[in-house]
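Here is the structure we will look at, set down as C-alpha cells.
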Amino acid sequence: MPMDTRTIALGVDGATYDLLDEWIQAGELPNFESVADEGLDWTLETTIPTRSIPAWPSFNSGTNLGVHGLLDFNCDLDSDSEKLVDQTNLRSTRFWDVLAEDGVSPITLGGLLTYPPREVQNGVEVSGPMTPESAEVFTKPGSVSERIREIVPDYEFGPSLDGSRRAVRDACIESAEQRATVAKNLMTEHSWQFFFGLFIATDRAQHKLWDTPEEILPVYKEIDDFIGWIRERYPKANVILFSDHGFTSPPERDFFLNGWLASRNDTTEGSPDTSLKYTVAKWGYSNARQYIGVNFRDLVPDRLETWLTGTGEGSNSPVRAANRNIDGIHVDLPNEEEVIEDLITELCDLTDPETGSQVFRGVYRKEDLYEGKYLEDLPDIILLPNPDYNVNTNPNNHIFGLFPGSENEGMHDAAREGVLMMAGPNIKQDPERKTASLLDLPPTLLHICDSHIPSNYDGKVLMDTLTGAPAQREVASREPLHTGPKTTTTTENKEDVEERLSDLGYL
Numbered sequence: 141m142p143m144d145t146r147t148i149a150l151g152v153d154g155a156t157y158d159l160l161d162e163w164i165q166a167g168e169l170p171n172f173e174s175v176a177d178e179g180l181d182w183t184l185e186t187t188i189p190t191r192s193i194p195a196w197p198s199f200n201s202g203t204n205l206g207v208h209g210l211l212d213f214n215c216d217l218d219s220d221s222e223k224l225v226d227q228t229n230l231r232s233t234r235f236w237d238v239l240a241e242d243g244v245s246p247i248t249l250g251g252l253l254t255y256p257p258r259e260v261q262n263g264v265e266v267s268g269p270m271t272p273e274s275a276e277v278f279t280k281p282g283s284v285s286e287r288i289r290e291i292v293p294d295y296e297f298g299p300s301l302d303g304s305r306r307a308v309r310d311a312c313i314e315s316a317e318q319r320a321t322v323a324k325n326l327m328t329e330h331s332w333q334f335f336f337g338l339f340i341a342t343d344r345a346q347h348k349l350w351d352t353p354e355e356i357l358p359v360y361k362e363i364d365d366f367i368g369w370i371r372e373r374y375p376k377a378n379v380i381l382f383s384d385h386g387f388t389s390p391p392e393r394d395f396f397l398n399g400w401l402a403s404r405n406d407t408t409e410g411s412p413d414t415s416l417k418y419t420v421a422k423w424g425y426s427n428a429r430q431y432i433g434v435n436f437r438d439l440v441p442d443r444l445e446t447w448l449t450g451t452g453e454g455s456n457s458p459v460r461a462a463n464r465n466i467d468g469i470h471v472d473l474p475n476e477e478e479v480i481e482d483l484i485t486e487l488c489d490l491t492d493p494e495t496g497s498q499v500f501r502g503v504y505r506k507e508d509l510y511e512g513k514y515l516e517d518l519p520d521i522i523l524l525p526n527p528d529y530n531v532n533t534n535p536n537n538h539i540f541g542l543f544p545g546s547e548n549e550g551m552h553d554a555a556r557e558g559v560l561m562m563a564g565p566n567i568k569q570d571p572e573r574k575t576a577s578l579l580d581l582p583p584t585l586l587h588i589c590d591s592h593i594p595s596n597y598d599g600k601v602l603m604d605t606l607t608g609a610p611a612q613r614e615v616a617s618r619e620p621l622h623t624g625p626k627t628t629t630t631t632e633n634k635e636d637v638e639e640r641l642s643d644l645g646y647l
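For the sequence shown, our numbering gives the first residue as 141, with consecutive numbering after it.
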C-alpha cells in the first residue's frame, strides 16, 4: 500500500543510554536529542542471549530464536556444523519483504546477516558486516554495488580493528562516515518509502575503546550529523533510532556452573550420578565423559546430541554450541519438572559469598522466552547473569573465581537494555522512559507503513507510541510469506569475516 509519509529506521549497534544520556545532556549529540525530545526515548530489551546474533535475525524476521534457530555467528540449530552463518541460513521472510509485497518500496543498508543479498521487489538491499571483502556483488540489484564503489572506492563492510587505539577510533569514524555517504546516495538516487540502515561502527568502537568514552563519541557524532541531514531533508519522515543490545564493562567474577551443579549433589532413586547428568547441556559429551565417566547419549534428544557433539553428517569438529553459545542447563530426568523448579529457585537466590552480590539478573524456563521448532534444542533453563559475572562452563571444583579478563574493554554478554528513540508525524511525544521488546519493532514498523503483520510474528505493535492514522487504524494480519526451502550456504572464502569476528571474541 503506497503511503505519503516516509519511515526511516537506523540501527546504532550496541548503543546504550549509559553513554547517550551523558552526551545528550552535555549537548554533544543535538540530533539524537531532538528525536528524544520531540518523540520518545524508551528502553529496548533485546534477545537472550544478548548478542547481535540472535538479535538481528530476530529483528529481520520478526521471530524469536525458537523459530529462526540462529543462535550465534557459527551456530545454526538446524545444522551440526560450526560454519559461519549467513543469510542463506535465515529461513524466514524479512519484514521488508512484507513491505515490498504490500507495495512499499524499501531500501536496506548494511544489515547484519544480509549477505548474500536477496532480491527485493521494487527495492534495494545492500549487505552488511558479514560480507566477504572479496565480494564483487553485495547488493540487489547488482548494479548498486558498482555505484557504491564509484562513490566510496574503498568502501568497507566494517571498520578495521588493527593497530593503535587511535587507528581503531579513526577506522570506526571512517566506517560511520562511509555508511552515511552511501545512505545519502541511496536515498537521493532511488525511489523509496521505507529505509533501514545499520551503523556497526558503534559496536566495534565500544568493544575496543570502552574505557575511554571520549574516543567513542566522535563515532556517534558522525551518526548524529547524518540524523540531522535526514531530518532536514525529510522533515515529515518518521525517524526510529534503536540498538540491538547495550554495553557494559567486562565481568569481574567467574561463576563455575558445573562446580555449582556438582556441589548440589542431587540424587534420583535408582539412577546413580544424577547430580551431574544435566551438566552436559553446557559441558559437552567429551568433557562429561572425561571428568565424570558417564555415557550421556541416552539422556538428551537426538537433535541436541548432534548439536553437542558435532557428530552429524558433514561436521568436521565438535560443535561448541552447548558450552559457549548460550548459558543454560538441560535437564532430562524422570522428575525433571521438580528439578527445573528447584534449580530456578536456587539460582534466582544465589549470591556470591565473597561479594554478597546476586549472580543472576534472570533465570528462565526456555518456554518463557522461546517457542517454535527449535525449542527442543535449547537448554531447559536459560541464564542471564548480572554484568559483574561470567558463566564459566569449564570443569572446575570451585564455584566462584576471578574473571581472567577479555581482549575487549566493552562487552554485552549481560547487556539486555538497548535504546529506542522515535519521532515524526506518526509518533507520540512521551517524556516517560518505558520499555519495549526488540521483537516489537518489526510489527510496529509494518503497521506505521500501513502494511500487514505476518501471523507468525512474535512482537506486538507499539500502539502507545503512535498517533495520527497508524493509531486510528486496526492492525492488519496476514499469513506468513512462503520463503521456500533452505538454500545452500555460500562457498566463498570467509577468512576475513572470521578474522573480524575473532578480533571481537565472537569466535
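Note that beta-carbon positions come from the ideal geometry of N, C-alpha and C, so glycine has one too.
Quick caveat: nothing in here was measured; it's all calculated off a predicted structure.
I need the straight-line Cα distance from residue i to residue j, nearest angstrom please.
{"i": "Gly545", "j": "Lys280", "result": "42 Å"}
{"i": "Ala195", "j": "Leu579", "result": "9 Å"}
{"i": "Val359", "j": "Glu486", "result": "43 Å"}
{"i": "Leu606", "j": "Gly496", "result": "44 Å"}
{"i": "Glu362", "j": "Ile193", "result": "25 Å"}
{"i": "Glu168", "j": "Pro189", "result": "32 Å"}
{"i": "Gln648", "j": "Gly263", "result": "This structure cannot settle anything about residue 648, because the visible part of the chain is limited to 141 through 647."}
{"i": "His330", "j": "Gly298", "result": "24 Å"}
{"i": "Thr156", "j": "Gly243", "result": "34 Å"}
{"i": "Asp517", "j": "Pro353", "result": "39 Å"}
{"i": "Gly202", "j": "Thr584", "result": "10 Å"}
{"i": "Ser383", "j": "Ala307", "result": "25 Å"}
{"i": "Gly179", "j": "Ser315", "result": "28 Å"}
{"i": "Ser552", "j": "Arg191", "result": "Note that residue 552 corresponds to His in the displayed sequence, not to Ser. If I take the Cα positions, the gap works out to 7 Å."}
{"i": "Asn427", "j": "Gly502", "result": "Because the pLDDT of Asn427 is 42, which lies under 50, any placement of that residue in the model is unreliable, and the number read from its coordinates should be weighed accordingly. Their backbone Cα atoms lie some 27 Å apart in a straight line."}
{"i": "Asp492", "j": "Asn530", "result": "12 Å"}
{"i": "Arg613", "j": "Glu355", "result": "45 Å"}
{"i": "Ala345", "j": "Asp218", "result": "32 Å"}
{"i": "Asp648", "j": "Thr575", "result": "Nothing can be reported for residue 648, as the shown portion of the chain is limited to 141 through 647."}
{"i": "Gly368", "j": "Ala176", "result": "13 Å"}
{"i": "Gly468", "j": "Glu477", "result": "15 Å"}
{"i": "Lys376", "j": "Leu160", "result": "25 Å"}
With residue i and residue j assumed to form a contact (beta carbons below 8 Å), what rounded beta-carbon distance in angstroms separates them?
{"i": "Pro246", "j": "Trp332", "result": "7 Å"}
{"i": "Asn398", "j": "Asn171", "result": "Rounded, the Cβ-Cβ distance is 49 Å, inconsistent with contact."}
{"i": "Cys215", "j": "Asn465", "result": "5 Å"}
{"i": "Leu249", "j": "Val266", "result": "5 Å"}
Look at residue i and residue j and say whether their C-beta atoms are less than 9 Å apart.
{"i": "Asn200", "j": "Pro565", "result": "no"}
{"i": "Gly386", "j": "Gly154", "result": "yes"}
{"i": "Tyr374", "j": "Ile567", "result": "no"}
{"i": "Leu381", "j": "Leu602", "result": "no"}
{"i": "Pro610", "j": "Ile588", "result": "yes"}
{"i": "Leu205", "j": "Val225", "result": "no"}
{"i": "Gly303", "j": "Ala323", "result": "no"}
{"i": "Asp181", "j": "Arg573", "result": "yes"}
{"i": "Gly282", "j": "Ile340", "result": "no"}
{"i": "Val207", "j": "Glu619", "result": "no"}
{"i": "Thr342", "j": "Cys312", "result": "yes"}
Please go through the same chain and pick out, in chain order, the residues whose beta-carbon is closer than 6 Å to the beta-carbon of residue i, but skip the five residues on each side of it.
{"i": "Phe396", "result": "Asn532, Asn536, His538 and Ile539"}
{"i": "Glu173", "result": "Ile164"}
{"i": "Phe366", "result": "Ala320"}
{"i": "Ser411", "result": "Per-residue confidence for Ser411 stands at a pLDDT of 36, beneath the threshold of 50, marking its modelled position as unreliable; no derived number is given."}
{"i": "Met327", "result": "none"}
{"i": "Ile288", "result": "Tyr295 and Val322"}
{"i": "Pro625", "result": "Model confidence at Pro625 stands at a pLDDT of 41, short of 50, so the residue's coordinates are unreliable and nothing is read from them."}
{"i": "Gly550", "result": "Gln346, His347, Trp350 and Phe387"}
{"i": "Ser285", "result": "Val277, Phe278 and Thr279"}
Who are the Cβ neighbours of residue i in its own chain at under 8 Å, not counting the five residues just before and after it?
{"i": "Glu507", "result": "Leu515"}
{"i": "Leu621", "result": "Thr233, Asp237, Val238, Glu241 and Pro594"}
{"i": "Ile480", "result": "Val471, Arg505, Asp520 and Ile521"}
{"i": "Glu453", "result": "Confidence in Glu453 is poor, its pLDDT being 32 and thus under 50, which makes the residue's placement too unreliable to answer from."}
For the alpha helix (DSSP H) containing residue i, name the first residue and the last one.
{"i": "Met125", "result": "With the chain covering only 141 through 647, there is no way to say anything about residue 125."}
{"i": "Asn229", "result": "Careful: Asn229 lies outside any alpha helix (DSSP H) and carries neither H nor E."}
{"i": "Asn171", "result": "Pro170 to Glu178"}
{"i": "Gly337", "result": "Unbroken run through Gly337 is the beta strand (DSSP E), Phe334 to Phe339; no alpha helix (DSSP H)."}
{"i": "Arg289", "result": "Ser283 to Ile291"}
{"i": "Arg404", "result": "Leu397 to Arg404"}
{"i": "Asp153", "result": "Element bounds for Asp153: n/a, residue is neither H nor E."}
{"i": "Ser201", "result": "Ser192 to Ser201"}
Got a sec, what are the start and stop residues for the beta strand (DSSP E) residue i sits in?
{"i": "Ile521", "result": "Ile521 to Pro525"}
{"i": "Thr584", "result": "Looking at the DSSP string, Thr584 is not in any beta strand (DSSP E); the run it does join, the alpha helix (DSSP H), is Leu581 to Ile588."}
{"i": "Arg371", "result": "It is not in any beta strand (DSSP E) - Arg371 instead sits in the alpha helix (DSSP H) that spans Pro353 to Arg373."}
{"i": "Asn532", "result": "Tyr529 to Asn532"}
{"i": "Gly167", "result": "No beta strand (DSSP E) holds Gly167; DSSP gives it neither H nor E."}
If I measure Cβ to Cβ from residue i and keep anything under 7 Å in the same chain, skipping five residues before and after, which residues do I get?
{"i": "Phe500", "result": "Leu487, Cys488, Leu490, Leu523, Leu524, Pro525 and Asn526"}
{"i": "Ser577", "result": "Glu185 and Gly599"}
{"i": "Val528", "result": "It is worth fixing the name first, because residue 528 is Asp in this sequence and not Val. Answer for Asp528: Pro391, Glu392, Arg393 and Ser497, listed in chain order."}
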